[in-house]
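*Asks:* Heads up, the sequence shown stops at 217 in the numbering used here, and the numbers go up one at a time, no gaps.
Glycine is no exception: its CB is placed at the ideal position from the N, C-alpha and C atoms.
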Amino acid sequence: MNKDVGSIGIGAMIVFIAMVLVAGIAASVLIQTSSTLESQALATGRETTDEVATGMSVFDILGYADTSAGADISKIAIGVRPRAGSKGIDINESYIELSDSTTKVILNYTNSFFLEPDGRDDIFGAAVFPDYGGTGDGSQFGVLVIEDADNSITGNTVVVINRGDKIYLCVNTTAAFGDLTERTDIWGYVVPEVGSPGVISFRTPASYTDDVMDLQ
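1) Do D212 and D101 have their C-beta atoms closer together than 8 Å?
2) Let me know the alpha helix (DSSP H) ranges lying completely inside the stretch 149-184, each 4 residues or longer, listed in chain order.
3) Count the other CB atoms within 10 Å of the CB of F60; is the residue buried (16 or more) or exposed (fewer)?
4) Ignore the nearest five residues each way along the sequence and tell me which others in A13's own chain have a CB closer than 6 Å to its CB.
5) If you reduce the DSSP assignment to three classes, tell me which class F17 lands in.
6) In chain order, what residues of the same chain lie with their CB nearer than 6 Å to the CB of G80, ignoring the 5 residues before and after it?
7) I believe F130 touches N93 by the beta-carbon criterion, under 8 Å. Please report the beta-carbon distance rounded to the nearest angstrom.
8) Among L181, A176, S113, A150, which has the Cα closest to the Cα of I107?
9) Between the alpha carbons of N112 and A70, how many angstroms are there, rounded?
10) Start and end of the beta strand (DSSP E) containing A66?
11) Buried or exposed for S29, please, with buried defined as at least 16 other CB atoms from any protein chain shown within 10 angstroms of its CB.
12) So, for D149: in the same chain, excluding its five sequence neighbours on each side, which residues have a beta-carbon less than 6 Å away from its beta-carbon?
13) Kindly identify the DSSP beta-bridge partner or partners of E98.
14) Which value, in whole angstroms, describes the spacing of the CA atoms of V6 and L22?
15) Please classify L31 as buried or exposed, where buried requires at least 16 neighbouring CB atoms within 10 angstroms.
16) Mind checking which residues open and close the beta strand (DSSP E) that includes D215?
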């Protein structure tokens with residue numbers, strides 16, 4: 002009788018120890034899973050915050066036409082800056098998407114057309130449009146720096162804009178569209194690598210009376 006009781010006691014102890022071990026392993030797995038999920042949630046939260054906060058804003062679009070020669074708009078300068086709270090935006094990894102309902106073009110930055118002047122009285126006379134020197138290219142845009150207080154733009158190869166920076170993205174519309182005639186609707190985006198794009202939407206004037214005109 003006593004031997005049976007002892008055997009039952011030992012068996013119960015073995016079962017109890019096994020249960021404790023299983024519970025410990027399960028708790029360890031749960032803790033590890035919880036830590037992994039927390040890390041993933043934090044990373045996702047940071048990515049989501051970057052996506053929401055980061056973005057490009059179009060603050061100005063200027064067009065140029067040689068009215069003395071009766072020409073249409075041959076160049077446009079798209080003024081952009083980061084949105085409030087945005088992280089730095091790498092222009093090398095951004096692109097412009099433009100359409101006139103007949104033609105759609107995608108333009109990428111070319112560091113062959115870059116200028117960081119100390120003031121400029123004639124932006125359309127600057128060597129920043131991919132048509133300067135007679136070599137038109139409708140798939141690229143140049144950069145004209147307007148404001149860069151913290152020197153985040155370090156030459157033509159590293160064009161990163163952040164808080165307070167303003168630049169013009171310079172497009173040769175002759176190469177892209179064959180000039181922009183009167184009453185032409187243009188729309189598109191300036192698309193950064195991460196974040197919201199800047200919106201482009203304007204109609205060219207009914208007649209061109211000035212060489213330089215405000216389009217948006």
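*Replies:* According to the structure shown:
1) As a position in the sequence shown, residue 212 is number 211, starting the count at 1. As a position in the sequence shown, residue 101 is number 100, starting the count at 1. Using a Cβ distance threshold of 8 Å, D212 and D101 do not count as a contacting pair.
2) Complete alpha helix (DSSP H) runs here, min 4: 174-178.
3) Here the question's residue 60 lines up with position 59 in the sequence shown. Classification of F60: exposed, given that the 10 Å Cβ count is below 16.
4) As a first step, residue 13 is located in the sequence shown; it is residue number 12 there, counting from the start. Within the same chain, A13 has no close Cβ partners at all.
5) As a working mapping, residue 17 is identified with position 16 in the sequence shown. Three-state DSSP puts F17 in a helix.
6) Numbered from 1 along the sequence shown, position 79 holds the residue referred to as residue 80. Closer than 6 Å at Cβ, skipping near neighbours: F60, D61, Y169.
7) Taking the first residue of the sequence shown as position 1, residue 130 is located at position 129. Taking the first residue of the sequence shown as position 1, residue 93 is located at position 92. Contact between F130 and N93 is absent: CB atoms are separated by about 18 Å, not below the 8 Å threshold.
8) Mapped onto the sequence shown, residue 107 falls at position 106. For I107, the nearest C-alpha among the options comes from A176.
9) By 1-based counting over the sequence shown, the position of residue 112 is 111. By 1-based counting over the sequence shown, the position of residue 70 is 69. Distance between the alpha carbons of N112 and A70: 31 Å.
10) Against the sequence shown, residue 66 aligns to sequence position 65. Judged by DSSP secondary structure, A66 falls within the beta strand (DSSP E) whose first and last residues are 57-66.
11) Walking along the sequence shown from the start, residue 29 turns up at place 28. Exposed: under 16 other Cβ atoms inside 10 Å.
12) Looking up residue 149 in the sequence shown gives position 148. So the qualifying residues of the chain are D166.
13) As a position in the sequence shown, residue 98 is number 97, starting the count at 1. According to DSSP, E98 bridges with I107, Y190.
14) Walking along the sequence shown from the start, residue 6 turns up at place 5. Walking along the sequence shown from the start, residue 22 turns up at place 21. Any reading at V6 must be qualified, since the residue scores a pLDDT of 49, below 50, and its modelled position is unreliable; the value itself is stated next. Each residue's Cα considered, the two are about 24 Å apart.
15) Here residue 31 refers to the residue found at position 30 of the sequence shown. Counting Cβ neighbours within 10 Å, L31 comes out exposed, since fewer than 16 surround it.
16) Along the sequence shown, one-based indexing puts residue 215 at 214. Membership of D215 in the beta strand (DSSP E) is indicated by the continuous run 213-215.
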